[in-house]
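Throughout, the numbering used here is defined as the position within the first sequence, counted from one, plus 41.
Built from N, CA and C at the ideal position, the CB exists for glycine as well.
Remarks on the structure that follows.
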Amino acid sequence: MTKPALLIDIYELLLKAYGEQSWWPADTPFEVMLGAILTQNTSWANVEKAMASLREVCELTPEGILSLTPDRLEEAIRSSGYFRQKSARLRSFCQFLKDRYGGDLSCMGGYDTGEMRAELLSLKGIGPETADSILLYALDRPVFVVDAYTVRLFSRLGLCDEKAKYHDVQDLFMDNLEPETGMFNEYHALIVTHCKQRCAKRAPCCEGCPVESVCARA
DNA sequence: GTCCAGGGCCTAC
DNA sequence: GTAGGCCATGGA
Numbered sequence: 042m043t044k045p046a047l048l049i050d051i052y053e054l055l056l057k058a059y060g061e062q063s064w065w066p067a068d069t070p071f072e073v074m075l076g077a078i079l080t081q082n083t084s085w086a087n088v089e090k091a092m093a094s095l096r097e098v099c100e101l102t103p104e105g106i107l108s109l110t111p112d113r114l115e116e117a118i119r120s121s122g123y124f125r126q127k128s129a130r131l132r133s134f135c136q137f138l139k140d141r142y143g144g145d146l147s148c149m150g151g152y153d154t155g156e157m158r159a160e161l162l163s164l165k166g167i168g169p170e171t172a173d174s175i176l177l178y179a180l181d182r183p184v185f186v187v188d189a190y191t192v193r194l195f196s197r198l199g200l201c202d203e204k205a206k207y208h209d210v211q212d213l214f215m216d217n218l219e220p221e222t223g224m225f226n227e228y229h230a231l232i233v234t235h236c237k238q239r240c241a242k243r244a245p246c247c248e249g250c251p252v253e254s255v256c257a258r259a
């Protein structure tokens, strides 16, 4: 079986098992971006609390975030953990949006994906996963998002090394799948859903797993 | 009490 | 270039 066919096979098995995930749970592209930073190494439940608390103290726009004092911002996002770092990251990110795009996200559609990715990566606190989450889930760019779950699952399936670098794993998908935003969106979400339910850190792939047939081939 | 969560930065070797 | 420490809250 070729890699493209195998990757599609896994996608379809996950889709059949878990159904459409329809990520990302947010009202606006900017809220997706906020969530992408707040969820760094943090459970989504804690992020939701922080978002709710943020919504109480300011408008969820770059200007709204920048209108808060650093202390107020830290307090609002405390539940998402690493609140001092994330407060600084959010402020510098919002300042970037304001300076570069005038705070108007609707004009970001005209910019080149690779160029925007490089800009995002140049910001402190925006690494490859956060940048790609923003590009895919907030800006609808066909960029595959890799996370710890992706490496966990695909290394167990024998498709990458468990110590593989971010871009090596990303290339596995980008080199073998058509660049379709909707499918990349679903695929990543399905991987997360699957791993949360069945792919615990300290457990091997188990019997009854939706991708068991692929495991057997690996 | 221990482990883990939808990472990324910095430092030391 | 890479392994290890650090950041921090909250639920299981």
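Phenylalanine 195 is a Cβ neighbour of valine 210, given a cutoff of 8 Å. Sixteen is the threshold: when 16 or more other Cβ atoms of the shown chains lie within 10 Å of the Cβ of histidine 229, as they do, the residue is buried. In this structure, the CA atom of glutamate 53 is about 13 Å from the CA atom of leucine 218.
Burial is judged here by how many other beta carbons sit within 10 angstroms of a residue's own beta carbon; leucine 162 has fewer than 16 and is exposed. Annotation: threonine 191 to arginine 197 spans about 10 Å, alpha carbon to alpha carbon. In this structure, the beta-carbon distance from valine 73 to tyrosine 178 falls below 8 Å.
Of all alpha-carbon atoms in Cys201, Trp65, Arg119, Ala77, the one lying nearest the alpha-carbon of glycine 223 is that of Trp65.
In the structure shown, serine 84 adopts coil according to DSSP, grouped into three states. Straight across, the Cα-Cα distance linking threonine 171 with serine 254 is about 32 Å. For proline 245, the secondary structure class from DSSP, reduced to helix, strand or coil, is coil. Nearest in C-alpha terms to lysine 90, of all of Asn82, Thr102, Ser63, Gly76, is Gly76.
Contact between leucine 56 and leucine 231 holds: their C-beta atoms lie close to 6 Å from each other, under 8 Å.
DSSP places arginine 130 in the uninterrupted alpha helix (DSSP H) bounded by 124-142. The beta carbon of valine 187 is closer than 6 Å to those of Tyr207, Val210, Gln211 in its chain, skipping five residues each way along the sequence.
Counting only residues of its own chain and dropping the five nearest sequence neighbours on each side, cysteine 148 has a CB closer than 8 Å to the CB of Tyr142. In this structure arginine 125 is exposed. Its beta-carbon is surrounded by fewer than 16 other beta-carbon atoms within 10 angstroms.
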